[in-house]
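Just below is one structure, and these are the notes that go with it.
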Amino acid sequence: LTYIGPDGGKHRPVMVHRVILGAIERFMGVLIEHYAGAFPVWLAPVQAILVTVTDRQLDFARSIQQKLQVAGMRVELDQRNEKLGFKIREAQLQKVPYMLVVGDREVEAGGIRPRLRDGRQLELMTSEDFVGLVEQECREATGGRVGLGIV
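Everything in the sequence shown is counted per this note's numbering, starting at 14 for the first residue and increasing by one.
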């Protein structure tokens, strides 16, 4: 590719292109497309979402949320005054890797029953065991390079 310059001679054009975030934006686009929005737990912006059955479980859910956040997990609490089915459907649409439905049984037992994105339900476990499970999943998926927290 050449052009004729003011001196009448052929010159090769030089194009300088600067983009601060362009490469990152394209990379994120590739990741979103590759995973169809269902990021693995180590990469997901929200790793788990707590969903309460009623307002009675809010205090317990907040304490679980705090424990998980202190451990480095990215967790949200859906405390909207909506029906449980609506909250579950919203979490599924957001493709959150783990959904933690908190009802009276979980409060009485003092634990959580994680539900995976694919619908499988895990057994009752403590918040500490859940953190260990997610951290192990993150480390296995990344060859030990990424644990919990910010990627």
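Note that beta-carbon positions come from the ideal geometry of N, C-alpha and C, so glycine has one too.
By DSSP's criteria, residue i is part of a beta bridge. Which residues make up the other side?
i, result
"Gly63", "In the sequence on display, residue 63 carries Leu and not Gly. In DSSP, Leu63 forms a bridge with Leu90 and Leu113."
"Tyr16", "His24"
"Pro127", "Leu113"
"Met138", "Ile125"
Considering Cα atoms alone, identify which of the options is closest to residue i.
i, options, result
"Val109", "Ile37, Lys23, Asp91 and Pro19", "Asp91"
"Glu136", "Ile125, His47 and Thr15", "Ile125"
"Ala122", "Gly98, Arg128 and Met138", "Met138"
"Asp131", "Val144, Arg102 and Asp142", "Arg102"
"Asp68", "Ile45, Val43, Val120 and Pro127", "Val120"
"Arg133", "Gln105, Val29 and Ile37", "Gln105"
Leaving out five residues before and five after residue i in sequence, what residues of the same chain have Cβ atoms less than 7 Å from its Cβ?
i, result
"Gln78", "Leu63, Val88 and Leu90"
"Gly116", "Val66 and Gln70"
Can you find the residues in the same chain that come closer than 8 Å, C-beta to C-beta, to residue i, ignoring five residues on each side of it along the sequence?
i, result
"Arg93", "Lys100"
By Cβ distance, which residues of its chain are closer than 6 Å to residue i, with the 5 residues on each side in sequence left out?
i, result
"Lys80", "Ser140"
"Val114", "Val64"
Check your understanding: Is the stretch 86-100 in contact with the stretch 56-71, if contact means three or more CB pairs nearer than 8 Å?
Key -> yes
Check your understanding: Three or more C-beta pairs closer than 8 Å, one from the stretch 66-76 and one from the stretch 17-33: is that the case here?
Key -> no
Check your understanding: Are three or more beta carbon pairs between the stretch 44-57 and the stretch 94-110 nearer than 8 Å?
Key -> yes
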